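Heads up, the sequence shown is in the numbering used here, so the first residue is 1 and it goes up one at a time.
Report on the structure given below.
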Amino acid sequence: MVPIKTFSEDSEQVTRLFSHLEFDGKKLNHQPGSVLGSTALIAGTTVGAGILALPAVTLPSGIVPSTSGLIAVWLYALVSGLLVAEVTLNIMRTEGHPSIGFLAVVEKILGKVGGRLAGGAYLFMHYALLVAYIAQGGEILGSAAAKVWALQILPTWVGTTTFTLLFGGIMYLGREKFIEKLNSAFVGIVIVSFLGLLLLAGGHIQSTQLLFQNWSALGSAISVMSVALFFQNVVPLVVTQLEGDACKIRQSIFIGSVIPLIMFLAWNAVILGSISPDMLHGTSNGRTVFDPLQILRAGGAGEWLAVLVSIFSEFAIATSFIGFVYGLLDLLKDIFLIAQGKLSSRLPLYSLVLFPPMTLGTLNPSIFFTALDYTGTFSISVLGGIIPALMSWKQRQEQENSDSINQPLVPGGKVTLIVMVGIALAMIGREILSIYTN
């Protein structure tokens with residue numbers, strides 16, 4: 001990577017900060033990252049198992065309130081992503097770093113205390129989501145196995161253990177290229193089953209469901225929506241891929257986040273339109289969550305729809321599981337300063353990643369929604385709300401006292417940053433109050 005200054009080349013202004021160059025033996029060739037590739041990275045990071053929890057948490061409020069909530073949370077995530085891009089760009093400009101990760105960006109701006117806070121939130125997010133995915137993936141796998149083998153019921157530990165050992169074992173034994181191809185195949189299955197679901201479930205939509213609205217129930221869904229729309233951790237990588245080109249980065253973040261939003265809005269409307277809110281009565285009490293997808297997987301709207309929901313759910317969880325296992329492996333390697341070598345040396349690391357969440361998932365099979373709720377409140381609020389705003393505040397303040405001039409990617413000045421932090425703190429406060437009052 002070669003840092004360059006902005007200049008005019010063939011009557012076209014160069015807007016990138018540096019260039020990816022590759023030597024083919026004769027000359028250096030420019031290898032720019034594409035907006036399409038970076039957009040796909042953001043969209044792929046965002047679309048995960050969080051989509052499975054949406055119908056359960058949005059059902060009490062109805063389609064119109066939950067649609068409004070999803071759009072509001074997306075706007076918040078978009079601003080947050082642009083703030084992360086802004087501070088990453090400024091670090092690249094001032095210090096000449098062409099490649100830097102999310103946690104490194106935080107530590108460079110907010111110091112060791114900020115870095116440790118972000119690292120703790122990041123670690124909690126990975127473990128909490130792995131607990132959620134193992135619990136839910138194991139339940140779906142166990143139910144499918146019981147149906148295939150004509151068994152009345154299987155112990156919950158069978159599903160969670162099988163799910164962890166199956167997918168964890170494949171990752172432990174398989175080569176990285178094989179896992180990449182397998183994950184791509186899983187993504188293909190997710191896309192096909194998702195489209196099939198929309199087509200089949202669309203025929204079951206009741207027009208009267210569009211009229212149901214309970215705005216007071218929307219607040220409890222915000223934390224899970226935040227998990228579903230989280231992508232800020234890959235923004236520094238996007239900035240590097242697009243060579244610090246602010247215009248391309250804006251495009252990539254906007255399009256890459258709006259694609260999952262459209263998917264979530266369609267999914268939410270179709271599932272909620274197929275399930276009557278009257279089903280809530282007698283099935284939900286206190287903090288227990290009624291899951292519409294569980295009804296559909298059990299054949300409540302037809303056998304074919306049940307099969308598609310089960311396939312979509314399991315493979316959406318599997319793709320997210322693979323991504324978060326890799327993410328946690330990298331994080332723990334950095335913490336313990338170890339390198340992956342032979343299979344035997346990787347065993348303790350994989351055990352540390354897989355067995356704690358598997359144990360929690362086995363002890364509490366219904367932890368899926370609680371884990372997502374806590375992740376959204378305590379991790380995403382910090383990583384996707386408080387920290388980006390604080391980083392931008394500090395960086396802009398430092399720039400005011402220096403000669404450097406950098407164009408903010410997010411308008412609104414300090415008011416925007418105060419609102420970002422205020423919303424995040426309100427979410428955390430609401431959850432803490434809810435814990436103590438229930």
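For glycine and all other residues, C-beta sits at the position ideal for the given N, C-alpha and C.
For clarity, every value in this text was computed on a predicted model and none was experimentally measured.
Sorting Thr46, Leu123 and Arg396 by C-alpha distance to the C-alpha of Leu331 places Leu123 at the top. In the displayed model, Val239 falls within a helix according to three-state DSSP. Counted as a single uninterrupted DSSP element, the alpha helix (DSSP H) harbouring Gln395 occupies residues Ile387 to Glu400.
DSSP places Asp373 in the helix class (H, G or I) of the three-state scheme. Within the segment 45-127, no complete beta strand (DSSP E) segment of 3 residues or longer occurs.
Under the three-state reduction of DSSP, Asp330 is assigned to helix.
Residue burial annotation: Trp304 is exposed, with fewer than 16 other C-beta atoms found within 10 angstroms of its C-beta.
CA-to-CA, the gap between Glu139 and Val307 works out to about 15 angstroms. The three-state reading of DSSP puts Gln136 in helix, counting H, G and I together. When the Cα atoms are used, Leu409 and Ala426 turn out to be separated by approximately 25 angstroms.
The segment 198-218 makes no contact with the segment 114-128: fewer than 3 CB pairs, one atom from each, lie closer than 8 angstroms. Annotation for Thr156: Gly138, Glu139, Gly142, Thr362 and Pro365 place their beta carbon closer than 8 angstroms to its own, counting only its chain and skipping 5 residues before and after.
Ranked by how close their Cα comes to the Cα of Phe378, the residues Val47, Gln241, Ser223 and Leu166 have Ser223 in first place. Between Ile387 and the set Asp245, Gly119 and Phe321, the nearest pair of CA atoms involves Gly119. Cβ-Cβ distances below 6 angstroms link Val57 to Ala221 and Val224 in the same chain, with the five nearest sequence neighbours on each side left out; the list follows chain order. Under the three-state reduction of DSSP output, Ile205 falls in the coil class, being neither helix nor strand.
The criterion of a C-beta distance shorter than 9 angstroms is satisfied by Val227 and Gly50. With fewer than 16 neighbouring CB atoms inside 10 Å of its own CB, Phe355 falls in the exposed class.
The three-state secondary structure of Val410, taken from DSSP, is coil. When the beta-carbon positions are compared, Ala389 and Leu349 stay at least 9 angstroms from each other. Comparing C-alpha distances from Leu36 to each of Ser252, Ile271 and Cys247 shows the shortest one belongs to Ser252. The continuous alpha helix (DSSP H) containing Gln251 extends over residues Ala246 to Ser274.
For Phe163, the uninterrupted alpha helix (DSSP H) run begins and ends at Thr156 to Leu173, by DSSP.
In this structure, DSSP gives Pro357 a helical state, which the three-state scheme calls helix. Within the same chain, and ignoring the five residues on either side of Phe368 in sequence, the residues whose Cβ sits closer than 6 angstroms to its Cβ are Ala132, Ala135 and Gln136.
Here the C-alpha atom of Thr88 lies approximately 50 angstroms from the C-alpha atom of Ala146.
In the DSSP assignment, Val227 falls within the alpha helix (DSSP H) that extends over Ile222 to Ala228. Annotation: Tyr127 to Ala121 spans about 10 angstroms, alpha carbon to alpha carbon. Apart from sequence neighbours up to five positions away, the residues of its chain that approach Thr39 with a beta-carbon distance below 7 angstroms are Ser252, Ile255 and Gly256, ordered along the chain.
In terms of Cβ geometry, Asn214 and Pro55 do not form a close pair [threshold 9 angstroms].
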